[in-house]
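Colleague: Going by the numbering used here, the first residue of the sequence shown is number 12, and it counts up by one from there.
Ideal placement from N, C-alpha and C gives every residue a C-beta, glycine not left out.
Mind having a look at this structure? Questions to follow.
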Amino acid sequence: ANLAQLLSEAQDRNKHLGEEIRELQQRLGEVQGDNKLLRMTIAKQRLGDDEVGARHFAAHEREDLVQQLEKAREQIETLRYDLQAALDELQDVKEERSFYQDKSDRLNQELNHVLGGHENRIIDVDALCMENRYLQERLKQLQEEVNLLKSNIAKYKNALERRKNSKTHSRSSSSALTGVLSAKQVQELLSEDHGCSLPATPQSISDLKSLATALLETIHEKNMVIQHQRQTNKILGNRVAELEKKLRTLEIAGLWSLPGGKDTITFSDPALPVIQRSRSPLLAFTDKPQKTEVQEQKEEPDETCAVASESLAAEGTNLNNRNQNKHFYPSLPQLPSEEEEINKLGTQIIKLTEQAVAELEGKRAGASAREQ
Numbered sequence: 012a013n014l015a016q017l018l019s020e021a022q023d024r025n026k027h028l029g030e031e032i033r034e035l036q037q038r039l040g041e042v043q044g045d046n047k048l049l050r051m052t053i054a055k056q057r058l059g060d061d062e063v064g065a066r067h068f069a070a071h072e073r074e075d076l077v078q079q080l081e082k083a084r085e086q087i088e089t090l091r092y093d094l095q096a097a098l099d100e101l102q103d104v105k106e107e108r109s110f111y112q113d114k115s116d117r118l119n120q121e122l123n124h125v126l127g128g129h130e131n132r133i134i135d136v137d138a139l140c141m142e143n144r145y146l147q148e149r150l151k152q153l154q155e156e157v158n159l160l161k162s163n164i165a166k167y168k169n170a171l172e173r174r175k176n177s178k179t180h181s182r183s184s185s186s187a188l189t190g191v192l193s194a195k196q197v198q199e200l201l202s203e204d205h206g207c208s209l210p211a212t213p214q215s216i217s218d219l220k221s222l223a224t225a226l227l228e229t230i231h232e233k234n235m236v237i238q239h240q241r242q243t244n245k246i247l248g249n250r251v252a253e254l255e256k257k258l259r260t261l262e263i264a265g266l267w268s269l270p271g272g273k274d275t276i277t278f279s280d281p282a283l284p285v286i287q288r289s290r291s292p293l294l295a296f297t298d299k300p301q302k303t304e305v306q307e308q309k310e311e312p313d314e315t316c317a318v319a320s321e322s323l324a325a326e327g328t329n330l331n332n333r334n335q336n337k338h339f340y341p342s343l344p345q346l347p348s349e350e351e352e353i354n355k356l357g358t359q360i361i362k363l364t365e366q367a368v369a370e371l372e373g374k375r376a377g378a379s380a381r382e383q
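Structure, rendered in structure tokens:
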């Protein structure tokens, strides 16, 4: 046990002595370096100071010089790091400058392609977004028109089925069952000369009620057509406003000018790209009128829409003609007057129907009084 303890103590002492030796060697190296530096400094001063002669430094002066030397070394290292950081930053700036130079070259090349009508031109994203918005609005409008046509088709199918089912009955009862009147029957019912000759029967009252219902449905359909036409005109007006804004931007940028100017660029030039010479869907929609409403009006059966075709033919024709000539305007000032005329016509029809019903009820009351 004593030997082991002595061995461990000896090992600890050797380790401690080894650390002291390394520390002393490090201090010795530093002192030798300081001595060498001081000798070199003294030699320089002796060689450069001929008048004063040899200069000898005291111990405290040497310590001050060593401290100044260490501070100078630290400053040199700091400046070296700063210089390296500045060089790295300069390299980054050079790379960024080269990147922007390449980008400007590419933009100039694309701009030359656009101005020269080259095939490899850039795509106008704003125009595509504007076209997309317009097509979405048109799609929504067409879906609403399709739904309206489907409802009309279902109504006409039901009327046709009722008409087929009522063929076995008499002609007088068919109009009451189906609610459909011919043009001659409408004229006879609404004529002032023959208004007093209507028979005082429930069949006549039912015919008048079916006539009023058919007229109200026709007025409702006309109002729906006017509403859809207004929405279409609003969409087309927004489209025209966007195109005018785009043309104004091009005119300010110098890429387009009014006809007759010096630097006029015609978009129909065959040398221009295909996208610039392509036809806008706005022209495709405005060249042909809205056929859905016209087909809806033309494809109605004679017996189910005889009242609408005779009472509102002039108003519908004038409205279609005015709307066809004004596809490019966002609002139509004449539309409110047309709607008022339709409403006025509906009120007149309702008044005539009420008068006829009152006359029939009076006749029935008089006939019952006579029988009693």
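To test your reading of the DSSP string, which unbroken alpha helix (DSSP H) runs of 4 or more residues are found completely within the region 120-180?
Modeller: 136-176
Colleague: Out of curiosity, what's the CA-to-CA distance linking residue 54 and residue 47?
Modeller: Near 10 Å, if we compare the C-alpha coordinates of residue 47 and residue 54.
Colleague: By the 10 Å Cβ neighbour count, where 16 or more other Cβ atoms means buried, how is residue 226 classified, buried or exposed?
Modeller: Around the C-beta of residue 226, 16 or more other C-beta atoms lie within 10 Å, and the residue is accordingly described as buried.
Colleague: Let me know if residue 223 comes out buried or exposed under the rule of 16 or more other beta-carbons within 10 Å of its beta-carbon.
Modeller: buried
Colleague: When the Cα atoms are used, what is the spatial distance from residue 79 to residue 92?
Modeller: Distance from the CA atom of residue 79 to the CA atom of residue 92, rounded to whole angstroms, is 20 Å.
Colleague: Quick check: what's the CA-CA separation for residue 261 versus residue 153?
Modeller: 32 Å
Colleague: Is the beta carbon of residue 76 less than 8 Å from the beta carbon of residue 49?
Modeller: yes
Colleague: Look at the alpha carbon of residue 250 and the alpha carbon of residue 95, and state the distance between them as a whole number of angstroms.
Modeller: Roughly 59 Å separates the two Cα atoms.
Colleague: According to DSSP, is residue 212 part of a helix, a strand, or is it coil?
Modeller: In this structure, residue 212 counts as coil in the three-state DSSP scheme.
Colleague: Quick one: is residue 156 buried, meaning 16 or more other Cβ sit within 10 Å of its Cβ, or exposed?
Modeller: buried
Colleague: What's the gap between the Cα of residue 73 and the Cα of residue 42?
Modeller: One C-alpha to the other measures close to 12 Å.
Colleague: If you draw a straight line from the C-alpha of residue 18 to the C-alpha of residue 34, how long is it?
Modeller: Residue 18 and residue 34 have their C-alpha atoms spaced approximately 24 Å apart.
Colleague: By Cβ distance below 6 Å, which residues in the same chain neighbour residue 188 in space, the five residues on each side in sequence not counted?
Modeller: Caution applies to residue 188, whose pLDDT of 39 falls short of 50 and renders its modelled position unreliable; the model cannot decide the point.
Colleague: Would you check if the distance between the CB atom of residue 138 and the CB atom of residue 257 is smaller than 8 Å?
Modeller: yes
Colleague: Rounded to a whole number of angstroms, what is the C-alpha to C-alpha distance between residue 168 and residue 160?
Modeller: C-alpha separation (whole angstroms): 12 Å.
Colleague: My guess is that residue 246 and residue 148 are in contact by the Cβ rule of under 8 Å, so how many angstroms apart are they, rounded?
Modeller: Indeed, because the Cβ distance is near 5 Å, the residues count as touching under 8 Å.
Colleague: Using DSSP with H/G/I as helix, E/B as strand and the rest coil, what is residue 69?
Modeller: coil
Colleague: Which residue from 87, 370, 126 puts its Cα closest to that of residue 219?
Modeller: Residue 219 has its Cα closest to that of 370, out of 87, 370, 126.
Colleague: Nearest to residue 212 by alpha carbon, out of 380, 124, 45, 372?
Modeller: 372
Colleague: Here's the rule: buried if 16 or more other CB atoms are within 10 angstroms of the residue's CB, otherwise exposed. What is residue 319?
Modeller: Because residue 319 sits at a pLDDT of 38, beneath the cut-off of 50, its placement in the model cannot be relied upon, and the following sentence gives the value as read from the coordinates. Taking every protein chain shown into account, the CB of residue 319 has 16 or more other CB atoms within 10 angstroms, so this residue is buried.
Colleague: Roughly how many angstroms lie between the CA atoms of residue 240 and residue 374, to the nearest whole one?
Modeller: 46 Å
Colleague: Could you compute how far the alpha carbon of residue 221 sits from the alpha carbon of residue 175?
Modeller: The straight-line gap from Cα to Cα measures roughly 18 Å.
Colleague: Could you check the C-alpha separation between residue 151 and residue 126 for me, to the nearest Å?
Modeller: 36 Å
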